[in-house]
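Worksheet: the structure to be examined is printed underneath.
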Amino acid sequence: MSIIDSYIDDIFKNHPYIDNIKKYVNNENDNINFDTEEINLTISNNRSIYSNLLDLYINDKQNESLIRLFKVISMQKIENIYIFEMLIINIISGMNIKEAFLKCVSTKKINDWNREYKKYTYNTNHISNEIMNAKINILIYYYYAKKYFPKETEEYIDNICSSNIYDIIEEYGDNILIALMALTIKIYLGDYNKISLILEYSKKVNYLDSILSLFVIVNIDNNISKRFIELIENDMLNENKYLFINLAYMIKLFFLTRKNYSEKFENKSFDEFIHDLTDFNIPKYLIFLIKYLDTNLSTNSNKVFEGIKNLYNNDKESFYKLYNILKEVDIPYIIEIKAVLNCVLLNAKDNNADAAVLDNSIDYFIENIKKELEKIYDIKSENIFELLENKIIDKYDLSVNLSSTLIFTTKIIVLMYDYNEKARKVVRALLKSLPYNLAIPLMIKDRKEFYNIKLKEILDYLQGYDLDLKDLIITYLYTYPIYIFSTKYILQLVNKNSDYTVEMFHDKTFLKAASYKSYALIDFLELLYKKDKAGFTNYSAICYVLHLKNKEIIKCALNLIEEDEYNSRAYVENSIHAYREDVQFELKKIIKKWNYRRKGFKFKTLDDINQYIDDYYEENYEYLIDFIDESLISNAVLRNDKNTKVPVKIIKYILLEYMLLKEPYRIKDIDRMIDLFDMNSIRNTFENIYKYWNDNNCDESKKNIILPYCIYADYSQIVNLYDKIEYWQENFQSSLAAYIIPAIAMNGEKFALMIINNIIYTSNNKIVKNSAIGSFEKAAECLNIPIDNLFDKVLPNLGFNVERNKVINYGKQKLTLQLLSDSYLEIIDNENHKILKELPDAIEGDDERVVAEAKKDLIYIRNSLKAIISYQTDKLRKVMFNGRKWDYETFFEVFVENPVMQYFTLAFVWGVYDEDNNLIECFRYMEDGSLISIDEDLYELPKNIKYYISLYHPIDNDEDYQKIWTYQLELYEINQPVEQIKIKRYILKDNDVENDSIISLKGQKLSLEYMEKLSKELDMKTEYYDEYVSYYMADNVLKIICEINCSISDEDMIIDSIKFYELEKYNKFGRVISPFDIERRFISTMIYYLSLGFYD
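In case it helps, the UniProt record's numbering puts the sequence shown at residues 1 to 1096.
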């Protein structure tokens, strides 16, 4: 079967004369032998078929069979007026352009299509007018005509433009819009001489066709926009306000769906398009409808409500005009907007308000809510009140998927609450029956935001509906993460009702609802039990929470218990046997931690350890280590008595404790046990276990058995582990390598940390590299050492001496790698005193093995340099925020004695600070090792053990001081890897802060692109919520979180406020901190970086 035959089958499916058609198309007959007028059968409405046929034609315009097929198609009836390719097929078949237009998009055909469309369309869109939508697409037909037949189309358009107006009107009759669109296109393409002509037509033809022809060119000339407005206000609004609604929606639809057919629109955003309409004085009431009228009104309700309020506040005349127009229109979407308009007027006590509008629409809203609830719960009822009493509706069931239509309609009824008795009754019934995730949040949040009502006033309303603290708490938890109440308000409530708050947790239905959003309940538990918040001491609530199955909630509850031994221990010990086995196990671990964390905890004798193990040995889990033969673990001895062996049960306890870990960790009580053991013997014991595990194919399910070997390993054992990690990476066992790396870091010795550091800089395996990076944080926590201090311990010098050079001896050739002050690497031929681009190849007399190793080492050095510079740049940028300090000894060890770090040392101005962060003096480090002052005199560090060194920040002294240092750096052409000397000083004033938030930047615009770049540079986390976004920057030195709140407008970020919180364990948010209590350098630096992206 030929390609064309297959298209015939698709187009003429079920056609009684399909065989005749094939014979005609394939040139077997001279005619089709049937009368197309007598056959009442439409052909395929699949547009892609005709598009593909046109593509075939473009590639083979002489294909006679294809042209014959087009002729047959052009004789047929096609209902779909949106198959624009039909115009071209008709022209190819021999029709002239006018005939082709009339065949495709005549007024009769549009009306026929409208009838068919309504007949077969089940979801009626009341704000859309199909005749209007079809008519505007005459423009698209012209687009196709000009694309395929540019010359003929231009001649056709010119003929219309040059003809007598009355002749054209008579010639085209009801189809006059086809002719008008020809003029529209001429003007659109720059022939402004035709403006007067189209304006003349607009006075002689029907107003709808005139409006449609002027719409696309309305922003070209003021006379056009003026006439466009006249036609709307003098004709359309007087004769058919429904058509006006349809027009607004059609304009929006045309832009969103057809803009790619217009060069003027294709690169515009919708906001830019709206802005154009404003520039050409299109009435704001029409612009409002174009912007907000949508079948998705329910999902965009917040924007619509805000738009209505803004229109009233900024342009009451347009608001009243819109209101008066919509009062006479009763169709879905308009009824909703009309009600909200009226609520605004009633709230403002505006004389134009008309409570009858709400009275007339309330039954419509109630019916919509009823229908939605019937659909959601699959029940039927006579009325809304009977339906809400149905037992199927469970207010504690927050898993019910509430539709956007239900939420939107409920919002409107909530807004009508004060002004309509029926609305009040329905709201009361909704509050009483519906799940907490609907009525209460809307009653509080939307009324508060829409009417600017104080929270207390709304809560006074709610207290009259038998709603108690339990209802408010569940509602509060459901609205996580954008809470409906402030934390401060909830704190007041729970402190005032502490006993009842604890009692609530005894109720299973409350617990089920409260735990629906696990992180919300976690937040609430922390609010109740953290000492700097409510600080509850009654742990019975937590005890009930431990019966839940959510792992994150259980983890939080256990952490809260562990952190407050004084108040929780009695509750835990009295109730421990009431829980599931897994919870009991975790509680026993906590009790054990409490014991060994006590000051001075240690084991003095072997008997102490045996007694301890008798209390805590988990025999139920012994099966986890039954693969270890006792002969492997029976030779460990005591430190002070090498003739006494460590009992096997103690070694089993150690192994079992590590096997029970979910991730590597250094267990403190085992550290205290090992203090009594001979280290060589215990290391040998752990090595026996490691070798056994290794010889048995490194079973990943038993990988925890080697954690003690990693944690207590000596130098040679660490080297063995490093080789094994390399092997695992090369043999597709990266996950195993990544798991073990943190345990090696917890070893804490410098050589172990350097091994991990080496992995960070050299590994190409992302999983392993990320594990190495993360392992420093875990080790820092485990060893109780600041993470930056750990990194300082392991900074590599890459083999360079303090003069920043490294000699390479090939044998005959001798070379020097010189690390310049700007971190550039220079290769010097020592004999010929030349600078080389790369290391040379071996010559006679050189050791080829040394040459190969040197070249490999150079690649490593270059990669490591790049990685170190990048990492340290990020770290020192953070110092400009947090003011991290080094004592003298550490400063010289890190920044002077390490040649790699001298790149930074030479580029910055350093400050000497006291313990209270007061700047004493500044200096620069010079290449000859000397220090110079601001006056360029030799400088000597003050001999005070309580003084420290940090990066100087301009906020720490006055502007003149900053200018002198700036001049000095510019004079010596020093480029700083991190902004320091140019940072502008920003000192907070009282009026910059409101409610513990910085508001002085409110309204400042930044591009989305800049904020994405900045958030990556400063390692900020991002959280989106509707049209809002928050950026979070945590600082582990200052122990704070900075929150930058913005709103999104198209491609812009608009700053709202900046807040600060205490940084708690696991990066949790603590209490809010006043900006005046934050280090000045942090605020100054943050505002400086933000300001770099500001624009009007």
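Glycine residues also receive a C-beta, built at the ideal position from the N, C-alpha and C atoms.
All of these numbers come straight from a predicted model, not from anything done at the bench.
Problem set entry | W965 - containing alpha helix (DSSP H), residue span | Locating residue 965 in the sequence shown gives position 965, counting from the first residue. E959 to L971 is the span of the alpha helix (DSSP H), which, as asked, contains W965.
For this session: Would you kindly report the start and end of the unbroken beta strand (DSSP E) that includes K866?
Result: If you number the sequence shown from 1, residue 866 lands on position 866. Careful: K866 lies outside any beta strand (DSSP E), inside the alpha helix (DSSP H) at E848 to N882.
Problem set entry | Cβ neighbour criterion (16 or more within 10 Å) applied to G911 | Counted from its first residue, the sequence shown places residue 911 at position 911. Buried, because 16 or more other Cβ atoms sit within 10 Å of the Cβ of G911.
For this session: To the nearest angstrom, report how far apart F280 and F485 are at their CA atoms.
Result: Here the question's residue 280 lines up with position 280 in the sequence shown. Here the question's residue 485 lines up with position 485 in the sequence shown. Their Cα atoms are separated by approximately 44 Å.
Problem set entry | Start-end ranges of the alpha helix (DSSP H) lying completely within the stretch 786-852, minimum 4 residues | 787-793
For this session: Below 7 Å CB to CB, which residues in the same chain sit around S575 once its five sequence neighbours on both sides are set aside?
Result: By 1-based counting over the sequence shown, the position of residue 575 is 575. If we look at S575 and ignore the five residues flanking it on each side, its Cβ neighbours are C543.
For this session: Output the distance between the C-alpha atoms of L430 and K77, rounded to the nearest integer angstrom.
Result: For the purposes of this step, residue 430 is taken as residue 430 along the sequence shown, with counting starting at 1. For the purposes of this step, residue 77 is taken as residue 77 along the sequence shown, with counting starting at 1. Rounded to the nearest angstrom, the two C-alpha atoms are 54 Å apart.
Exercise. From which residue to which residue does the alpha helix (DSSP H) around N720 run?
Worked result: Position 720 of the sequence shown, counted from the first residue, corresponds to residue 720. Here the alpha helix (DSSP H) through N720 covers Y715 to E730.
For this session: Would you list the residues sitting across from K645 in a DSSP beta bridge?
Result: Indexing the sequence shown from 1 puts residue 645 at position 645. DSSP, once it has assigned bridges, lists V637 as partnering K645.
For this session: Alpha carbon to alpha carbon, how far is Q962 from S1007? Give it in angstroms, no decimals.
Result: Residue numbering aside, residue 1007 sits at position 1007 when the sequence shown is read from its first letter. Residue numbering aside, residue 962 sits at position 962 when the sequence shown is read from its first letter. Rounded to whole angstroms, S1007 to Q962 spans 30 Å at the Cα level.
For this session: Kindly give me the distance between the Cβ atoms of Q729 and N765, rounded to whole angstroms, as I take these residues to be in contact under 8 Å.
Result: Indexing the sequence shown from 1 puts residue 729 at position 729. Indexing the sequence shown from 1 puts residue 765 at position 765. Their Cβ separation, rounded to whole angstroms, is 5 Å, which keeps Q729 and N765 in contact under 8 Å.
For this session: To the nearest angstrom, report how far apart S162 and F254 are at their CA atoms.
Result: Taking the first residue of the sequence shown as 1, we reach residue 162 at position 162. Taking the first residue of the sequence shown as 1, we reach residue 254 at position 254. One C-alpha to the other measures close to 29 Å.
Exercise. Since C343 is in the alpha helix (DSSP H), which residue starts that stretch and which ends it?
Worked result: As a working note, residue 343 is residue 343 in the sequence shown. Segment I334 to N347, the alpha helix (DSSP H) holding C343.
Exercise. If you compare alpha carbons, which of I689, W965 and I945 is closest to L951?
Worked result: Here residue 951 is taken as the residue at index 951 of the sequence shown, counted from 1. Out of I689, W965 and I945, W965 has the C-alpha closest to the C-alpha of L951.
Problem set entry | Proximity winner among I654, R597 and S65, relative to Y621 (alpha-carbon distances) | Within the sequence shown, the letter at position 621 stands for residue 621. Checked all of I654, R597 and S65; the closest Cα to Y621 is I654.
For this session: State the Cα-Cα distance for the pair N29 and L69, rounded to the nearest angstrom.
Result: For this step, residue 29 is matched to residue 29 along the sequence shown. For this step, residue 69 is matched to residue 69 along the sequence shown. Roughly 13 Å between the two C-alpha positions.
Problem set entry | Local conformation of A353 per DSSP, three classes | Numbered from 1 along the sequence shown, position 353 holds the residue referred to as residue 353. A353: coil per DSSP, three-state reduction.
Exercise. Skipping 5 residues on each side, what residues in its chain have a beta carbon closer than 7 Å to that of R639?
Worked result: Taking the first residue of the sequence shown as position 1, residue 639 is located at position 639. L676, F677 and D678.
Exercise. Per DSSP, what kind of secondary structure is residue 1104 in: helix, strand or coil?
Worked result: Here the chain covers residues 1 to 1096 and nothing more, so residue 1104 does not appear.
For this session: For Y122, count neighbouring Cβ atoms within 10 angstroms of its own Cβ and tell me buried if that reaches 16, exposed if not.
Result: On the sequence shown, residue 122 is found 122 positions in, with the first residue counted as 1. Confidence at Y122 is low in this model, with a pLDDT of 49, below 50, so its placement is unreliable and the value that follows should be read with caution. So Y122 counts as exposed.
Problem set entry | Sequence-distant residues of the same chain with beta carbon closer than 7 Å to I744, five excluded per side | The residue labelled residue 744 in the question sits at position 744 within the sequence shown. C710, I718, L721, A752, I755 and I756.
Exercise. In this structure, does DSSP put N697 in helix, strand or coil?
Worked result: For the purposes of this step, residue 697 is taken as residue 697 along the sequence shown, with counting starting at 1. Three-state result, N697: coil.
Exercise. Under the three-state reduction of DSSP, which class applies to R985: helix, strand or coil?
Worked result: Start at 1 with the first residue of the sequence shown, and residue 985 comes out as number 985. Coil, per DSSP.
Exercise. What does DSSP give as the partner residues of G911 in its beta bridges?
Worked result: The residue given as residue 911 occupies position 911 in the sequence shown. G911 is bridged to C922 and S950.
For this session: Just confirm the distance between the C-beta atoms of L817 and M901, as a whole number of angstroms; I'd bet it's less than 8 Å.
Result: Counting from 1 along the sequence shown, the entry for residue 817 is found at position 817. Counting from 1 along the sequence shown, the entry for residue 901 is found at position 901. About 17 Å separates the two Cβ atoms, so there is no contact after all.
For this session: Take R1080 and list the residues in its own chain whose beta-carbon comes closer than 6 Å to its own, dropping the five residues that flank it on each side.
Result: As a working note, residue 1080 is residue 1080 in the sequence shown. Answer for R1080: I955, listed in chain order.
Exercise. Name the DSSP bridge partner or partners of W886?
Worked result: Translated into the one-based positions of the sequence shown, residue 886 becomes position 886. Paired residues: I949.
Exercise. What are the partner residues of L1006, as DSSP defines its beta bridges?
Worked result: In the sequence shown, residue 1006 corresponds to position 1006, counting from 1. M1053, per the DSSP bridge assignment.
Exercise. Roughly how many whole angstroms lie between the Cα atoms of Y148 and V304?
Worked result: Walking along the sequence shown from the start, residue 148 turns up at place 148. Walking along the sequence shown from the start, residue 304 turns up at place 304. Roughly 43 Å separates the two Cα atoms.
For this session: Would you check if there are 3 or more beta carbon pairs closer than 8 Å linking the stretch 491-511 to the stretch 533-548?
Result: yes
For this session: Take K645 as the anchor and find which of S631, Y888 and V572 has the nearest alpha-carbon.
Result: Locating residue 645 in the sequence shown gives position 645, where the first residue counts as 1. Minimum Cα distance to K645 is reached at S631.
For this session: Check R1071 in the structure and name its three-state DSSP category.
Result: Counted from its first residue, the sequence shown places residue 1071 at position 1071. Correct three-state label for R1071: strand.
Problem set entry | Helix, strand or coil at F1060 according to DSSP, with G and I counted as helix | By one-based count along the sequence shown, residue 1060 stands at place 1060. Strand at F1060.
Exercise. S2 to D55, Cα distance in whole Å?
Worked result: If you number the sequence shown from 1, residue 2 lands on position 2. If you number the sequence shown from 1, residue 55 lands on position 55. Taking the straight line from one Cα to the other gives about 16 Å.
For this session: Would you mind giving the Cβ-Cβ distance between E99 and Y50, rounded to the nearest angstrom? I have them listed as a contact below 8 Å.
Result: Residue numbering aside, residue 99 sits at position 99 when the sequence shown is read from its first letter. Residue numbering aside, residue 50 sits at position 50 when the sequence shown is read from its first letter. The pair is not a contact, with the Cβ atoms about 18 Å apart (cut-off 8 Å).
Exercise. Any idea what DSSP makes of L69, helix, strand or coil?
Worked result: The residue labelled residue 69 in the question sits at position 69 within the sequence shown. Here L69 sits in helix by DSSP.
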